[in-house]
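**Q**
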Amino acid sequence: MSTSIQRQQIGRSISSLDSLRGSSIFSAATDARALKCGGADAFAAPAQDMPMAASVASPRRTIREVVIQSMLAYQAQQRRRRRKRKSLTWGGADSGDGRGDDGDVGFWEEEEGTMEMAQIGADRTKNVLILMSDTGGGHRASAEAIHDAFRIEFGDEYKVFVKDLFMEHAGWPLNDMERSYKFLVKHAQLWKVAFHSTSPRWVHNLYLAAIGSFYAKKVEAGLKKYKPDIIISVHPLMQHIPLWVLKWQNLQKKVVFVTVITDLNTCHPTWFHVGVNRCYCPSEEVAKRASLDGLEPSQIQVFGLPIRPSFCRAVLVKSDLRKEFEMDPELPAVLLMGGGEGMGPVKKTAKALGESLFDNELGKPIGQLVVICGRNQTLRTTLQDIQWKIPVKVNGFVTQMEKWMGACDCLITKAGPGTITEALIRGLPIILNDFIPGQEVGNVPYVVENGAGVFSKSSKQTATLVASWFSSDSEELKKMSENALKLAQPDAVFDIVRDIHELAQQQGPLSQISESLTSSFRQPV
Numbered sequence: 001m002s003t004s005i006q007r008q009q010i011g012r013s014i015s016s017l018d019s020l021r022g023s024s025i026f027s028a029a030t031d032a033r034a035l036k037c038g039g040a041d042a043f044a045a046p047a048q049d050m051p052m053a054a055s056v057a058s059p060r061r062t063i064r065e066v067v068i069q070s071m072l073a074y075q076a077q078q079r080r081r082r083r084k085r086k087s088l089t090w091g092g093a094d095s096g097d098g099r100g101d102d103g104d105v106g107f108w109e110e111e112e113g114t115m116e117m118a119q120i121g122a123d124r125t126k127n128v129l130i131l132m133s134d135t136g137g138g139h140r141a142s143a144e145a146i147h148d149a150f151r152i153e154f155g156d157e158y159k160v161f162v163k164d165l166f167m168e169h170a171g172w173p174l175n176d177m178e179r180s181y182k183f184l185v186k187h188a189q190l191w192k193v194a195f196h197s198t199s200p201r202w203v204h205n206l207y208l209a210a211i212g213s214f215y216a217k218k219v220e221a222g223l224k225k226y227k228p229d230i231i232i233s234v235h236p237l238m239q240h241i242p243l244w245v246l247k248w249q250n251l252q253k254k255v256v257f258v259t260v261i262t263d264l265n266t267c268h269p270t271w272f273h274v275g276v277n278r279c280y281c282p283s284e285e286v287a288k289r290a291s292l293d294g295l296e297p298s299q300i301q302v303f304g305l306p307i308r309p310s311f312c313r314a315v316l317v318k319s320d321l322r323k324e325f326e327m328d329p330e331l332p333a334v335l336l337m338g339g340g341e342g343m344g345p346v347k348k349t350a351k352a353l354g355e356s357l358f359d360n361e362l363g364k365p366i367g368q369l370v371v372i373c374g375r376n377q378t379l380r381t382t383l384q385d386i387q388w389k390i391p392v393k394v395n396g397f398v399t400q401m402e403k404w405m406g407a408c409d410c411l412i413t414k415a416g417p418g419t420i421t422e423a424l425i426r427g428l429p430i431i432l433n434d435f436i437p438g439q440e441v442g443n444v445p446y447v448v449e450n451g452a453g454v455f456s457k458s459s460k461q462t463a464t465l466v467a468s469w470f471s472s473d474s475e476e477l478k479k480m481s482e483n484a485l486k487l488a489q490p491d492a493v494f495d496i497v498r499d500i501h502e503l504a505q506q507q508g509p510l511s512q513i514s515e516s517l518t519s520s521f522r523q524p525v
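Numbering-wise, full-length UniProt numbering puts 175 at position 175 of the sequence shown, and it's gapless, one number per residue.
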């Protein structure tokens, strides 16, 4: 194909591209090596990794002009490379493809990844990428709740991915966060030191900048893989590096980036990044912290913590649930949980409850116990082997938590934000028996000061308290249940996805331009 014919085809094909300036196109991301990064937040890449500079259309140059010039430069470069290969291999002889120099593959003839120009600007399913990490169960639970809410609310309008981008694409220490976190929280003082020592902005910015200088390129590859129109972070370390990548690619105004905070009160400062479109806070306390850390009022929304949509639906009445789970229909029930990993003093507390909920004088139980051991199979087996004097149900990992909570009268758990929020929706009085230093410290006063529960680290004291509630028609239990319902925000996850949808609508129709197209925007140095 001659150069003149190619020029005519390019001119006809891309006449519609002048209207694309400002449109949202993540697939317009180019190789990071083609960008010159500047500013306080940018990393200085090695010179050998930056042979080209990004071409950005100025007000005096239309997208059409940029593309045509880039196309011709691209074709000229391909011809030079082809001639060089011929001279090295065949001494300048024809390669045998029957095309010669004029037979170079035209840009629109790229075999892989090229889309028809008629598709550009067309409506399509938008991609949503939710960034999370399994450092604790709350981040994945919130991510999956948002995923399900998008499906329920918008059907096939969005394609939602829940991914740990660091695990998939980065190296150590980013791909080792889950194991490191589990080790640190088992040694609470180590985690406390790590949490507070990285709180100053200059410390975590320096740390993330150093890490990002090694792995930003790989994170960029991960973003290109999913080509998100919307990025949702549900983890405090999933803001900075992805936002830096978007900034380098000049895509900050084209890709919607939001943060959904999954801590009820005490938040690590890495949650708050001024570059996000929206920061969804679960409480007014968190919103105040976001404001103090530099976010504008227009960036902050308080909807509550996103909880799986099943908690938003009405459940069966307590008597029906107890019949379904083969529980005693008359005895009040306490639910004992240790999180997804079955952590904390679950065994000790269960044994204490087994004693306190049995009335020795009457020779009969005054309550029953349900234990959720999560993935801790050893704990489950141990508790199942005990000869109990009261009715006890021992479960592993369960998927119908809304039903188990609906069947019980109070809850004993550590101060995890997700479990607390679920209990509030069900109106369950809460006894908090433990917390992780740092992010869970503030959850204790959030529950206690709002009259939705109490705090007790003593297993014996906890068991005695439950027995006092169950031995009589406790007004305290009823009052705490009412206070819990006042704090509940069951529709939070739907409020969040609707607001994200509105943000995406404000961006206008998103363009479908292949990587092979956008790579031509580079200009030779």
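A virtual CB, placed ideally from N, CA and C, is assigned to each residue, including glycine.
May I have the straight-line CA-CA distance separating residue 355 from residue 389, to the nearest angstrom?
**A** For residue 355 and residue 389, the distance between alpha carbons rounds to 8 angstroms.
**Q** Give every residue of the same chain whose Cβ lies closer than 8 angstroms to the Cβ of residue 534, excluding the five residues on either side of it in the sequence, and list them in chain order.
**A** Because the chain is modelled from 1 through 525, residue 534 falls outside the range shown and cannot be assessed.
**Q** Counting Cβ pairs closer than 8 angstroms, one from the segment 217-225 and one from the segment 242-256, do we hit at least three?
**A** The segment 217-225 is in contact with the segment 242-256.
**Q** Assign residue 201 to buried or exposed, taking buried as 16 or more other Cβ atoms, counted over all protein chains shown, within 10 Å of its Cβ.
**A** Under this definition residue 201 is an exposed residue.
**Q** Would you check if there are 3 or more beta carbon pairs closer than 8 angstroms linking the segment 131-146 to the segment 415-435?
**A** The answer is yes - the segment 415-435 touches the segment 131-146, with three or more Cβ pairs under 8 angstroms.
**Q** Going by beta carbon distance, what residues of the same chain come within less than 6 angstroms of residue 238, once the five residues before and after it are set aside?
**A** For residue 238, where only same-chain residues beyond five positions count, the Cβ hits under 6 angstroms are 131.
**Q** DSSP puts residue 233 in a beta bridge; with which residues?
**A** Answer is 131, 259.
**Q** Tell me which same chain residues have a C-beta within less than 6 angstroms of the C-beta of residue 190, skipping the five on either side of it?
**A** Cβ neighbours of residue 190 beyond the five flanking positions: 184.
**Q** How should residue 206 be labelled, buried or exposed, when 16 other C-beta atoms within 10 angstroms of its C-beta is the threshold for buried?
**A** Exposed, because fewer than 16 other Cβ atoms sit within 10 Å of the Cβ of residue 206.
**Q** Given that a residue counts as buried once 16 or more other Cβ atoms are within 10 Å of its Cβ, and exposed if not, what is residue 163?
**A** Per the 10 Å Cβ criterion, buried.
**Q** At the level of alpha carbons, what is the spacing between residue 323 and residue 203?
**A** Approximately 55 angstroms between the Cα atoms of the pair.
**Q** Just reading off the beta strand (DSSP E) that residue 337 is part of, what are its end residues?
**A** From DSSP, the beta strand (DSSP E) with residue 337 extends over 333-337.
**Q** With a floor of 3 residues, list each beta strand (DSSP E) that falls wholly inside the segment 365-415, ordered by position along the chain.
**A** Segments of the beta strand (DSSP E) lying fully in the segment 365-415: 368-372, 392-395, 410-414.
**Q** What would DSSP say about residue 294, mapped onto helix, strand or coil?
**A** Coil.
**Q** Given a threshold of 16 other Cβ atoms within 10 Å of its Cβ, counted over all protein chains shown, does residue 505 qualify as buried or as exposed?
**A** By the neighbour-count rule (16 or more Cβ atoms within 10 Å), residue 505 is not buried but exposed.
**Q** If you run the structure through DSSP and keep just helix, strand and coil, what is residue 433?
**A** Reduced to three states, the DSSP call for residue 433 is strand.
**Q** How would you write the range of the beta strand (DSSP E) that residue 301 sits in, first residue to last?
**A** Where residue 301 is concerned, the enclosing beta strand (DSSP E) stretches over 300-302.
**Q** Based on Cα-Cα distance, which residue from 170, 215, 497 lies nearest to residue 143?
**A** Closest option to residue 143, Cα to Cα, is 497.
**Q** Out of 261, 478, 487, 393, which has the shortest C-alpha to C-alpha gap to residue 286?
**A** The shortest Cα separation from residue 286 among 261, 478, 487, 393 belongs to 261.
**Q** The alpha helix (DSSP H) that contains residue 497, what's its start and end?
**A** Looking at the DSSP string, the run of the alpha helix (DSSP H) that includes residue 497 is 492-506.
**Q** Counting only the same chain and skipping the five closest in sequence on each side, list residues whose C-beta sits under 6 angstroms from that of residue 393.
**A** Counting only Cβ-Cβ distances below 6 angstroms, and skipping sequence neighbours, we find 370.
**Q** Using the Cα positions of residue 482 and residue 459, report the straight-line distance between them to the nearest angstrom.
**A** Rounded to the nearest angstrom, the two C-alpha atoms are 25 angstroms apart.
**Q** So who's on the other strand from residue 163, going by DSSP bridges?
**A** The partner list for residue 163 (beta bridge, DSSP) reads 131.
**Q** Just list the residues that DSSP pairs residue 454 with in beta bridges.
**A** Its beta-bridge partners are 431.
**Q** Please report the distance separating the alpha-carbon of residue 449 from that of residue 475.
**A** Roughly 18 angstroms separates the two Cα atoms.
**Q** Which residues mark the beginning and the end of the alpha helix (DSSP H) in which residue 179 is found?
**A** Counting along the chain, the alpha helix (DSSP H) containing residue 179 begins and ends at 177-186.
**Q** Nearest-angstrom Cα distance between residue 167 and residue 343?
**A** For residue 167 and residue 343, the distance between alpha carbons rounds to 24 angstroms.
**Q** By how many angstroms is the C-alpha of residue 288 removed from the C-alpha of residue 302?
**A** Each residue's alpha carbon lies about 10 angstroms from the other.
**Q** Using the rule of at least 16 other Cβ atoms within 10 Å of the residue's Cβ for burial, across every protein chain shown, is residue 233 buried or exposed?
**A** Buried is the call here.
**Q** Measuring only between beta-carbons, confirm whether residue 331 sits less than 9 angstroms from chain C.
**A** Looking at the structure shown, chain C is missing, and only one protein chain is on hand.
**Q** What residue from 406, 397, 195 has the CA that sits closest to residue 267's CA?
**A** Among 406, 397, 195, the Cα nearest to that of residue 267 belongs to 195.
**Q** According to the neighbour-count rule (16 or more other Cβ atoms, all chains shown, within 10 Å of its Cβ), is residue 254 buried or exposed?
**A** Classification of residue 254: buried, given that the 10 Å Cβ count is 16 or more.
**Q** For residue 175, which residues of its own chain have a beta-carbon under 7 angstroms away from its beta-carbon, when the five flanking residues on both sides are left out?
**A** Excluding sequence neighbours, residue 175 sits near 166, 167.
**Q** Of the residues 405, 336, 367, which one's Cα is nearest the Cα of residue 316?
**A** The shortest C-alpha separation from residue 316 is found at 405.
**Q** What's the call for residue 277, buried or exposed, on a 16-neighbour Cβ count within 10 Å?
**A** By the 10 Å Cβ count, residue 277 comes out buried.
**Q** Distance, Cα to Cα, residue 446 vs residue 455?
**A** Their backbone Cα atoms lie some 11 angstroms apart in a straight line.
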